[in-house]
Every structure is written in structure tokens, then in C-alpha cells.
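The next block holds one structure in the form of C-alpha cells; read it before the comments.
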């Protein structure tokens, strides 16, 4: 890659996200997430999501418009997104 600085972008997307309080990894590659936010129950993650994103407690499970699912470490998410009330 060249020494030139890559173009910069600023995020303006709206996403849905839950902070991960606890994550239990199963032997089949799936995982069960317990969200930090009250009122949300545990939910399952498929093995392909777990393998691709390697989610960790303290980070965020994120859904984008169109249904794309991702994971973001807490520092990256919290510095780029603000809660919409």
C-alpha cells in the first residue's frame, strides 16, 4: 500500500445495537448472547456469524438497515454512535 493517506469517511448510518453482557460459546460454533440492556432476552448467534466476527463480552451486536449483522468492539462503537431516544 502507498504511503498516501486513505480518504476519510464519517458515519451517518442509523443502526440497532445491543451491548453484550455475556456470551457463551457452544461446541458447535454457535453462541448465546445475554444483552446488557434490560428488557431483552438471550439470543442465539449462528456459527458463521461467530466465526466471522468473533464477538466478545463488552462489545456490541449490531444490525444495519437491510438486515446485515455485525460486531463492534465497545471503543469503536461508542466513539462513532450516539443513542437516539
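Numbering (full-length UniProt numbering), first residue to last: 1 to 85.
Here a beta-carbon is modelled for each residue, glycine too, at the ideal position from N, C-alpha and C.
Taking the CA atoms as reference points, residue 35 sits about 16 Å from residue 54. Judged by DSSP secondary structure, residue 9 falls outside any alpha helix (DSSP H); it is assigned neither H nor E.
A Cβ-Cβ contact shorter than 7 Å links residue 63 with residue 16.
Looking at the DSSP output, residue 32 bridges to 24 and 44. Going by beta carbons, residue 44 and residue 32 fall inside the 7 Å limit. Rounded to the nearest whole angstrom, the CA to CA distance from residue 27 to residue 5 is 43 Å. Excluding sequence positions up to five before and after residue 50, its CB lies within less than 8 Å of the CB of 25, 29, 30 and 31, all in the same chain and listed in chain order. In the three-state scheme derived from DSSP, where H, G and I count as helix and E and B as strand, residue 69 is classed as strand. The C-alpha of residue 39 is placed about 48 Å away from the C-alpha of residue 3.
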